[in-house]
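Written out below as structure tokens is the structure these notes cover.
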Amino acid sequence: MIIIELNKRQELIIQIVKERGPITGEAIADQLNLTRATLRPDLAILTMAGYLEARPRVGYFYTGKTGGQLLSEAVRKLMVQDYQSLPVVVDKNVSVYDAICTMFLEDVGTLFIVDHDSLLTGVVSRKDLLRASLGKQELTAVPVNIIMTRMPNITVCQREDSLYEVAKKLIEKQIDAMPVVKYTNRGAEVTGRITKTNITRAFVDLVNNEVL
């Protein structure tokens, strides 16, 4: 689905189809004193955008959907797999100090903790590492698994999930990122991550008409 800003001719086409539909493309062209070839791109755009529906040998119908409804449908069709980024993972036995260094070097706000089989066992956030660094303990001697949030108390998603539903979970849980996992008979493998930045990029794409 394409989110578009209608031009004057496209608005006229919608009005004609509203009033006279079902109506053929030839009849619409006659109403506007245009050739069918001239009108064809506008009809294609309006059909792909969801404003009109075309039926063979019948003509065009108005779907009755507003711009807001079409935008809502487009948002709900966004998938995790289209916007996920590479995960940043560390072994559960690395020190808190090493975890802090990794977070700084990778410029992320969340690290996913995995075991020796590369299965998700925990998550640490920037807040977790900051809290640990405020104590008097030696950070190089404290394994990150001591301060991490452990499975199953981790909110995860899968690549086939709706980006809209994931965004709602991020808000509800007040977290900045979520691991994208693939479930196997051994456990949950981390295959990606979804962050607030990923979701922001999706909505920018919508506005820029880059989402179909």
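Quick note, the sequence shown lines up with residues 1 to 212 if you use the UniProt record's numbering.
Yeah, the Cβ is synthetic: ideal placement off N, Cα and C, and Gly gets one too.
Pairing residue 182 with residue 39, the inter-Cα distance amounts to about 47 Å.
By the beta-carbon neighbour count (other beta carbons within 10 angstroms, threshold 16), residue 202 is buried. The count of Cβ pairs closer than 8 Å, one atom from the region 130–138 and one from the region 103–118, stays below three, leaving the stretches out of contact. Residue 186 sits in coil when the DSSP states are folded into three classes, being neither helix nor strand. For residue 27 and residue 175, the gap between their C-alpha atoms comes out near 54 Å.
Membership of residue 52 in the beta strand (DSSP E) is indicated by the continuous run 52–55. Residue 120 is classed as buried because its beta carbon has at least 16 other beta carbons within 10 Å across all chains shown. In the DSSP secondary-structure assignment, residue 124 is bridged to 111.
Taking the Cα positions, residue 188 is about 43 Å away from residue 64. One thing to note: residue 100 has its Cβ within 8 Å of the Cβ of residue 129. Taking residue 133 as the centre and dropping the five residues before and after it, the same chain places the C-beta of 96, 100 and 139 closer than 8 Å to its C-beta, in chain order.
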